[in-house]
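One structure below.
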Amino acid sequence: MIIVIQRVKKARIINLKETEIQRGLVVLIAFENDDIEEKFQKVINKILNLRVFEDENKKINLSVKDINGEILLVPNFTLAGYLKGNRPSFDNAMSIERAREFFEKLKQEFLMSYSKIKFGKFQTYMELELINDGPFTLIYNL
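Just so you know, we're using this note's numbering here: the sequence shown kicks off at 862 and counts up by one.
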């Protein structure tokens, strides 16, 4: 899995209803051929407990849970691409059918762990609008 985590003041997917979040995280995720479902809980725990928000002393010491923040989880298979010449290759990306199943299962597991989460739609063109807070962006390869 390749995951890009962005700390945001707010974000939304313009062309999808009920996807707007306030302060929290935008999480872009791509599944690769060798990914397994057993990694889901590790990913969820990492995202929920990642300390990327400032405390009262301006120290980056709080998680999205600590601030009662929101999460927007967006599937983005292009993260699994790599540059091969002038055209990206997506050979490492998981097949569409399997990736769709993975995303749906990850959504369900996330909802069991945290309620303040909204989702992008798999295999759909999305216009993502966000206000980066920092910017503060991390890449997590698992």
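A virtual CB, placed ideally from N, CA and C, is assigned to each residue, including glycine. Quantities reported herein were computed from a predicted structural model and do not represent experimental measurements.
- If you draw a 10 Å sphere on the C-beta of M955, you find 16 or more other C-beta atoms in it, and that means buried.
- The continuous stretches of alpha helix (DSSP H) do not include I897, and DSSP gives it neither H nor E.
- For the options K878, K871, V888 and Q883, the alpha carbon positioned closest to that of L967 is the one of V888.
- Considering only L972, V865 and L909, the residue with the shortest C-alpha distance to I890 is V865.
- A direct Cα-to-Cα measurement between Y943 and M862 gives close to 14 angstroms.
- Of all alpha-carbon atoms in G981, F971, F951 and S950, the one lying nearest the alpha-carbon of Q902 is that of F971.
- Taking a cut-off of 8 angstroms for Cβ pairs, the region 916-925 and the region 872-880 do not touch, as fewer than three such pairs fall below it.
- In this structure, DSSP gives Q969 a helical state, which the three-state scheme calls helix.
- Counting along the chain, F997 sits inside the beta strand (DSSP E) bounded by residues L989 to N1002.
- Restricted to the region 878-946, the alpha helix (DSSP H) segments that are unbroken, complete and at least 4 residues in length are 901-910, listed in chain order.
- DSSP lists L886 as the beta-bridge partner residues of R868.
- Residue state for S974 is assigned as helix, using DSSP reduced to three classes.
- According to the DSSP assignment, S956 belongs to no beta strand (DSSP E), since it is labelled neither H nor E.
- DSSP, read as helix, strand or coil, puts F980 in strand.
- In this structure, G885 is the residue among K900, L877, E898 and G885 with its C-alpha nearest to the C-alpha of R912.
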